[in-house]
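A.B. asks:
Numbering (our numbering), first residue to last: 74 to 391.
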């Protein structure tokens, strides 16, 4: 008799983002939300109902969105500027650079539905460049939660940190992976699986797939360590170097461009301080139009894709 494993329940992190923001806003009157005609897609309907005078809708004007948020921060508020990631980061990059990062304003930039979550809407709506663009802006913290628990923790951290922050919130549902008792800390990776042959460093939606890939690799006789790199900036260089020294091979996995994202950040650390064989999984160029599931499969951004990449990398090493 064949036993089929029951799939883990999945969660919409936008719900946890909004619920945590409301809970924090009840306790702190400085917290406000700013959006670009995206109350529904940012899941801010309940926030608007409870705090109608603390949600500012600037309309489809992302540059104004960031500028208004920076002004509110300058006046002592803690603004959460929420919009679809491709438009928040693409249309308002100058304002993010000059109004938020350069002036070091405590603005939380919330990129909703990043990666290829918009699927069939195509490259104009895919947000695969955002990590590369945001990493190029000095002084900006970049946080990519992997599940609902970490999303809530990251929202709380963003309020307390006092730092300009880009928070990447996934659109489609993902399983929980954060171990009980784990707390989020900027600049610290979370180890989700032990391993000695190869390390998979994953971010966001790819973390749960990396955990599943490690399970599949164990069936192949491969011991894979998995690190959740939710803090892309600052990066946990200690964890990266430990992975390089102790496992001797690294695979990075992200739902974003290969140029400038997590893989590029890891590659720099490894190349400069402890060179080891490295394979970067991500999106090499503009993605075609298709469903999110099709696109992830197309670029090997699945558990099986991570498994294959790790096996190929180890084959080259051996």
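Think of the CB as a built atom: it goes at the ideal place given N, C-alpha and C, for glycine as much as any other residue.
Tell me the rounded alpha-carbon separation between residue 372 and residue 322.
C.D. replies: If you take the alpha carbons of residue 372 and residue 322, they lie about 21 Å apart.
A.B. asks: Would you report the Cα separation of residue 177 and residue 210, rounded to the nearest angstrom?
C.D. replies: Rounded to whole angstroms, residue 177 to residue 210 spans 11 Å at the Cα level.
A.B. asks: In three-state terms, what does DSSP make of residue 152?
C.D. replies: Residue 152: strand per DSSP, three-state reduction.
A.B. asks: Might you give, ordered along the chain, the residues of its own chain that have their beta carbon closer than 8 Å to the beta carbon of residue 289, omitting 5 neighbours on each side?
C.D. replies: Taken in chain order, the residues that qualify are 376, 377, 380.
A.B. asks: Where does residue 353 sit, in a helix, a strand or coil, going by DSSP?
C.D. replies: Residue 353 falls in the strand class under three-state DSSP.
A.B. asks: Inspect the beta-carbon positions of residue 268 and residue 304 and report whether they are closer than 8 Å.
C.D. replies: The answer is no: Cβ separation not under 8 Å.
A.B. asks: Does the beta-carbon of residue 226 have 16 or more other beta-carbons within 10 angstroms, so that it is buried, or is it exposed?
C.D. replies: Under this definition residue 226 is a buried residue.
A.B. asks: Could you tell me the distance, in whole angstroms, from the CA atom of residue 94 to the CA atom of residue 143?
C.D. replies: Their Cα atoms are separated by approximately 18 Å.
A.B. asks: Going by beta-carbon coordinates alone, are residue 214 and residue 236 separated by less than 8 Å?
C.D. replies: A contact, by the Cβ cut-off of 8 Å.
A.B. asks: Quick check on DSSP: helix, strand or coil for residue 103?
C.D. replies: If DSSP states are grouped into helix, strand and coil, residue 103 belongs with coil.
A.B. asks: Cutting at 6 Å between CB atoms, please list the residues of its own chain near residue 202, excluding the five before and the five after it.
C.D. replies: Cβ neighbours of residue 202 beyond the five flanking positions: 330.
A.B. asks: Could you tell me which uninterrupted beta strand (DSSP E) segments, each at least 3 residues in length, are contained entirely in the region 192 to 232, listed from first to last along the chain?
C.D. replies: As far as the region 192 to 232 is concerned, its whole beta strand (DSSP E) runs of at least 3 residues are 214 to 216.
A.B. asks: Could you pull the DSSP bridge partners for residue 335 from this structure?
C.D. replies: Partner(s): none; residue 335 has no beta bridge.
A.B. asks: Please state the DSSP three-state secondary structure of residue 236.
C.D. replies: Reduced to three states, the DSSP call for residue 236 is coil.
A.B. asks: Hey, which unbroken runs of the beta strand (DSSP E) at 3 residues or more fall wholly within the region 82 to 139?
C.D. replies: Taking only runs of at least 3 residues, the beta strand (DSSP E) segments lying wholly in the region 82 to 139 are 104 to 108, 128 to 130.
A.B. asks: Taking the straight line between their C-alpha atoms, what separation do you get for residue 301 and residue 164?
C.D. replies: Whole-angstrom Cα-Cα distance: 29 Å.
A.B. asks: On the three-pair Cβ rule with 8 Å, is the region 307 to 321 touching the region 333 to 351?
C.D. replies: They touch, by the three-pair rule.
A.B. asks: Enumerate in chain order the residues of its own chain whose CB-to-CB distance from residue 281 is below 6 Å, with the five nearest sequence positions on each side excluded.
C.D. replies: If we look at residue 281 and ignore the five residues flanking it on each side, its Cβ neighbours are 247, 248, 250.
A.B. asks: Evaluate contact between the region 184 to 196 and the region 145 to 154, counting only Cβ atoms and requiring at least three cross-stretch pairs below 8 Å.
C.D. replies: Cβ pair count under 8 Å is below three, so no.
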